[in-house]
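First the structure, in the form of structure tokens, and then the observations on it.
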Amino acid sequence: MESTMLRIETYEGEGYRPLVDFGNWRVAYLRFIDELIPENITQMEKHLETDEVFVLLNGEAVLFIGEGENLLGRVSCLKMEPHKVYVVEKATWHTCVLDLDATILLVENQDTGLANTEYIDIDVSTKKYIVENSKTLISG
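So the sequence shown is numbered by this note's numbering: it starts at 724 and just counts up by one.
Take a look at the structure:
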């Protein structure tokens, strides 16, 4: 088969890695990284110009969603189920926790980055919520 007809991408490393950029969209993997250990999380983020799609391919992960526009309000969490499509709406605060074996497929605008993403520091009670719920919901 000609290489111009099919391209296969994979990633076995840690953290976030774009796999395919085309036109306006990007497909990436998010895998375990020390920054997403619950005790290490210090911020949540929101993308100002795009929804972001999360699909858990394997392992375990918890998605945390924060209310509020300029300030972080109530945070809730959801244990992700494999192969379900989770759409984090544009301008929604979010973060996630992954176990060592987790791989999440991400789909977002190709130009998503620092120029159109905001970050907010989490307070002590939010950090406690993330740590406690991660330990409860992730079996590893």
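Think of the CB as a built atom: it goes at the ideal place given N, C-alpha and C, for glycine as much as any other residue.
Check	Outcome
When DSSP labels each residue in this structure, what does Asn793 get in the three-state scheme?	coil
Would you check if there are 3 or more beta carbon pairs closer than 8 Å linking the segment 787-796 to the segment 728-746?	no
Under DSSP, the alpha helix (DSSP H) around Tyr852 begins and ends at which residues?	847-860
Can a CB atom of chain B be found closer than 7 Å to the CB of Asn763?	Among the chains of the structure shown, chain B does not appear; only one protein chain is present.
Do the CB positions of Ile827 and Phe755 come within less than 7 Å of each other?	no
Taking Ile760 as the reference, which of Glu841, Leu837, Ile843, Ala825 has the closest Cα?	Ala825
Output the distance between the C-alpha atoms of Leu780 and Pro805, rounded to the nearest integer angstrom.	6 Å
Would you check if the distance between the CB atom of Lys769 and the CB atom of Glu841 is smaller than 7 Å?	yes
Going by CA-CA distance only, name the one from Leu771, Asp822, Thr815 that's closest to Thr859.	Asp822
Relative to the C-alpha of Leu750, which residue among Asp834, Leu795, Thr765 is closest?	The amino acid at residue 750 is misidentified as Leu; the sequence shows Val. Minimum Cα distance to Val750 is reached at Asp834.
Val798 to Gly836, Cα distance in whole Å?	23 Å
Confirm, please, whether the CB-CB distance from Met767 to Thr815 is below 7 Å.	no
For Ala898, which three-state DSSP category applies?	For residue 898 there is no data in the structure shown, the boundaries of the chain being 724 and 863.
Relative to the alpha-carbon of Leu794, which residue among Thr727, Lys851, Ile843 has its alpha-carbon at the smallest distance?	Ile843
Suppose only complete runs of 3+ residues qualify. What are the beta strand (DSSP E) ranges in the segment 797-823, listed by chain order?	798-802, 808-811, 816-821
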